[in-house]
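Working notes, structure below.
There are 2 protein chains.
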Amino acid sequence: MAYATRDTPAHERISKVATADKVLSVLGLFTMETPEWTVDEAAAALDLKTSTAYQYFRSLIEFGLLVGGSGGRSSVGPAVISLDRITRRHDGLIALGRAAMGRLVTPFDGEAVGLLCRSFRMQVMCIDEFVPASLPFAISYERGRPMPLFRGAASKAILAHLGARITRRLWDRQGEQITAAGLGADWSAFKRSLRQLRSRAALVTHGELDEGLVGISAPVFGSEGLVMGSVGVVTTEAAYVRLGARAGEVEATVAAEAQSMSERLLQT
Amino acid sequence: MAYATRDTPAHERISKVATADKVLSVLGLFTMETPEWTVDEAAAALDLKTSTAYQYFRSLIEFGLLVGGSGGRSSVGPAVISLDRITRRHDGLIALGRAAMGRLVTPFDGEAVGLLCRSFRMQVMCIDEFVPASLPFAISYERGRPMPLFRGAASKAILAHLGARITRRLWDRQGEQITAAGLGADWSAFKRSLRQLRSRAALVTHGELDEGLVGISAPVFGSEGLVMGSVGVVTTEAAYVRLGARAGEVEATVAAEAQSMSERLLQT
DNA sequence: GGCGAAATTCCTGTATTTCTGGAAAATAGA
DNA sequence: TCTATTTTCCAGAAATACAGGAATTTCGCC
């Protein structure tokens with residue numbers, strides 16, 4: 047029976063709906079760095095015939111995922127904004143996180159950002175932020191921006207609880223970056239780092255993503271104890287120092303908010 | 047030659063990439079009202095075979111437009127959030143609008159929302175809002191929510207400047223709703239209403255979308271004088287009354303901000 | 001307002017893909 | 001652990017996407 051499907055190894059099996067995948071790959075061209083594409087550029091980039099690319103664009107534009115601009119340049123369209131609204135309103139984490147972030151930011155008196163992240167496919171994505179009226183600094187985390195798992199408190203809080211199977215795969219694929227991030231030179235050292243991260247209820251990191259900023263985050267768990275994301279705050283080093291002895295309290299508060307979210311996630 | 051393609055009338059010609067369109071139609075099922083679908087439900091709704099629907103879901107999930115949840119229920123995925131970030135960062139209107147909205151909201155001392163809308167396919171979509179820290183009311187407009195063209199100041203400011211060809215088509219398609227909105231019982235009355243709307247630099251509406259709220263908006267134009275969207279504020283009736291004689295100034299400010307945005311749009 | 005260039009649509013046979021339909025496998029739930 | 005549900009797999013039949021270029025429309029510039 048092993049012979050039956052031998053000709054296409056499972057790890058490079060092509061999805062059945064190749065047309066759909068190719069159309070979506072057009073959409074995938076639109077990134078932060080290259081937010082506009084002409085049909086010809088896209089055709090060249092994906093090795094498509096121009097007339098075929100036009101059909102793909104037409105489908106995407108018709109649905110609203112793209113909009114045709116001037117000079118034949120297209121960009122991401124309004125359907126995305128509408129779909130994003132759906133995620134904002136129906137994401138259980140976001141619903142719970144908003145109030146929690148508000149409470150976490152309060153003691154910093156406008157000099158902190160609340161951060162809510164979700165674990166997704168060996169990455170972390172910020173799904174919501176609480177930004178006070180006038181914020182005196184900018185941060186790397188931003189709703190919709192994918193971040194690596196091993197830099198920043200919000201990421202590490204998730205990484206620490208991902209479970210052996212996933213962290214092993216992560217090590218195999220991105221070992222060098224893990225080592226570069228100071229999380230261990232080999233697999234067993236990495237495991238030790240993770241154990242240490244897990245020992246803290248809330249993680250505090252200094253300047254890992256933005257110079258002069260401090261992140262404080264704790265993991266949020268869903269059903270069966272799986273880590274779903276993290277919640278926390280980012281503030282300036284100066285404001286953190288100003289906390290002095292109260293820093294411990296803030297950590298505890300972050301951990302408590304995260305745990306409270308975990309509990310409420312189980313109830314729903 | 048008329049016989050050659052007779053079997054598919056031009057007005058209902060199906061797009062060529064039927065597969066892609068069907069896959070996208072699956073994505074289209076996910077709405078504010080029904081944000082979760084199982085493969086079976088989607089197959090039933092779109093008259094697809096289950097095994098086919100699975101392939102569609104797989105493509106969408108692989109790309110991240112959907113995520114598979116528990117119990118076979120899927121919902122909108124992280125790719126949407128990433129794409130939304132691209133629109134936020136690369137939309138010229140949003141870039142200009144943020145500061146303008148901030149200035150417009152200031153005199154209301156926290157009791158107003160800034161609103162930035164875009165015209166799109168005979169609809170209006172809010173693409174950005176400026177919400178002060180503690181807002182004592184909720185509004186219908188919200189980033190990503192499509193709104194009709196003929197209710198609310200933000201919409202009417204756009205409608206007034208759409209041009210005869212589009213307004214005519216709008217009348218043909220949605221005449222009853224236009225009449226219901228009090229914009230005229232027939233085409234020529236509608237035209238008259240539009241002319242009157244155009245005569246004001248900024249539009250003020252009372253309670254058209256939310257009871258007890260007042261909208262003040264003005265149109266923003268792009269190249270060739272085409273209306274691109276509108277910018278304005280929404281406040282409470284009470285706060286508006288409190289303005290008293292200064293209401294005129296606010297209107298003028300809204301109009302001025304909108305014009306300033308139009309001018310800067312032309313420069314870029 | 002009109003010209004040239006570019007962008008976009010149209011066209012058809014053929015080859016490639018997708019879809020069907022059911023059965024098997026994997027997974028989740030009890 | 002067992003059952004129900006979800007998901008993948010398969011191969012032939014049938015639909016459809018693609019090539020390739022020509023026609024057409026639109027756009028940008030005088």
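Chains D and R are the protein sequences, given in the same order. For the first sequence, position 178 matches number 224 in the working numbering, and the numbering has no gaps at all. For the second sequence, position 54 matches number 100 in the working numbering, and the numbering has no gaps at all. We put the CB at the ideal spot given by N, CA and C, even for glycine.
What's the call for residue i, buried or exposed, on a 16-neighbour Cβ count within 10 Å?
i, result
"E309 (chain R)", "exposed"
"T80 (chain R)", "exposed"
"I207 (chain D)", "Reading the sequence as shown, one finds His at residue 207 (chain D) and not Ile. Classification of H207 (chain D): buried, given that the 10 Å Cβ count is 16 or more."
"Y49 (chain D)", "With a pLDDT of only 23 at Y49 (chain D), under 50, the local geometry of the prediction cannot be trusted, and no value is derived from it."
"L150 (chain R)", "buried"
"S97 (chain D)", "exposed"
"A301 (chain D)", "buried"
"A66 (chain D)", "buried"
"V287 (chain R)", "exposed"
"K95 (chain D)", "exposed"
"E297 (chain R)", "buried"
"E58 (chain D)", "A caution first: E58 (chain D) carries a pLDDT of 40, below 50, which makes its placement in the model unreliable, though a value can still be read off. Label assigned to E58 (chain D): exposed."
"V303 (chain D)", "Val is not the amino acid found at residue 303 (chain D); the sequence shown has Glu there. Result: buried."
"T77 (chain R)", "exposed"
"L312 (chain R)", "exposed"
"R131 (chain D)", "buried"
"A88 (chain D)", "buried"
"R215 (chain R)", "exposed"
"R52 (chain R)", "Legend: pLDDT at R52 (chain R) = 27, less than 50; position of this residue unreliable, no value from coordinates given."
"A320 (chain D)", "Not covered by the structure: residue 320 (chain D). The range shown for chain D is 47 to 314."
"D86 (chain R)", "exposed"
"R30 (chain R)", "Given a span of 47 to 314 for chain R in the structure shown, any question on residue 30 (chain R) remains unanswerable."
"R211 (chain R)", "exposed"
Among residues of its own chain, excluding the 5 on either side of residue i, which ones have a beta-carbon nearer than 6 Å to its beta-carbon?
i, result
"S239 (chain D)", "L229 and G230"
"A56 (chain R)", "Any reading at A56 (chain R) is ruled out, since the residue's pLDDT is 35, under 50, leaving its predicted position unreliable."
"E283 (chain D)", "G258 and V260"
"M171 (chain R)", "R164 and P192"
"W233 (chain R)", "W217"
"L112 (chain R)", "L106, S120 and G123"
"T84 (chain R)", "G118 and R119"
"Q305 (chain R)", "none"
"E82 (chain D)", "R119 and S121"
With which residues is residue i paired in a DSSP beta bridge?
i, result
"L161 (chain R)", "R:E175 and R:G278"
"P81 (chain R)", "DSSP lists no partner for P81 (chain R)."
"S120 (chain R)", "R:W83 and R:G114"
"F166 (chain D)", "D:Q169"
"H252 (chain D)", "D:V260"
"V273 (chain D)", "D:F267"
"P194 (chain D)", "Bridge partners of P194 (chain D): none, in fact."
Return the residue from the list the options that minimises the CA-CA distance to residue i.
i, options, result
"V280 (chain D)", "D:T77, D:F154, D:R135 and D:P124", "D:F154"
"G160 (chain R)", "R:G198, R:F166, R:A89 and R:E175", "R:E175"
"S245 (chain R)", "R:L216, R:A264 and R:E82", "R:A264"
"S201 (chain R)", "R:I224, R:I132, R:R214 and R:G290", "R:I224"
"S269 (chain D)", "R:S116, R:E87 and R:G271", "R:S116"
"A125 (chain R)", "D:L249, D:Y187, D:R167 and D:A89", "D:R167"
"G198 (chain D)", "D:R135, D:G110, D:G290 and D:V250", "D:V250"
"G221 (chain D)", "D:A184, D:A210 and D:F236", "D:F236"
"L243 (chain D)", "D:L255, D:G253 and D:G209", "D:G209"
"A184 (chain D)", "D:E108, D:G253 and D:G110", "D:G253"
Take residue i and list the residues in its own chain whose beta-carbon comes closer than 8 Å to its own, dropping the five residues that flank it on each side.
i, result
"L92 (chain D)", "K68, S71, V72, L75 and A99"
"M307 (chain R)", "L139, L142, G143, A146, V266 and V277"
"I204 (chain R)", "C163, S165, V170, L195, P265, V273, G275 and S276"
"A64 (chain D)", "none"
Please go through the same chain and pick out, in chain order, the residues whose beta-carbon is closer than 7 Å to the beta-carbon of residue i, but skip the five residues on each side of it.
i, result
"E157 (chain D)", "P182, T281, T282 and A285"
"M47 (chain R)", "At M47 (chain R), the pLDDT of 24 sits below 50, so the modelled position is not reliable; the number obtained from the coordinates is stated separately. Correct list: empty, nothing qualifies."
"R189 (chain D)", "C172, I173, D174 and E175"
"P178 (chain R)", "V151 and G156"
"I60 (chain D)", "Low per-residue confidence applies at I60 (chain D): pLDDT is 48, beneath 50, and the placement is therefore not dependable enough to give any value."
Just by C-beta distance, which residues in the stretch 126 to 140 of chain R are closer than 7 Å to chain D? V126, I127, S128, L129, D130, R131, I132, T133, R135 and H136
Interfacial residues, the stretch 59 to 84 of chain R to chain D, with Cβ spacing under 9 Å: S61, K62, V63, A64, T65, A66, D67, K68, V69, L70, S71, L73, G74, F76, T77, M78, P81 and E82
Along the stretch 103 to 129 of chain R, where does the CB come closer than 7 Å to a CB of chain D? Name the residues. R104, S105, E108, F109, S121, V122, P124, V126, I127, S128 and L129
In the stretch 184 to 208 of chain R, which residues sit with their C-beta less than 8 Å from some C-beta in chain D, listed in chain order? E188, R189, G190, R191 and P192
Residues, ordered as in the chain, of the stretch 168 to 182 of chain D that lie near chain R by beta-carbon distance below 8 Å: M171, I173, P178 and A179
Contacting positions in the stretch 224 to 251 of chain D - beta carbon closer than 9 Å to chain R: none
For the stretch 263 to 286 of chain R, which residues have a beta carbon sitting closer than 7 Å to at least one beta carbon of chain D? none
Between the stretch 153 to 166 of chain D and chain R, which residues of the former have CB atoms less than 9 Å from a CB of the latter, in chain order? R164 and F166
With 9 Å as the C-beta to C-beta threshold (strictly closer), list the residues of the stretch 303 to 314 of chain R near chain D in chain order. none
Quick one, which residues of the stretch 89 to 103 of chain D are near chain R if we go by CB-CB under 9 Å, in chain order? T98, Q101 and Y102
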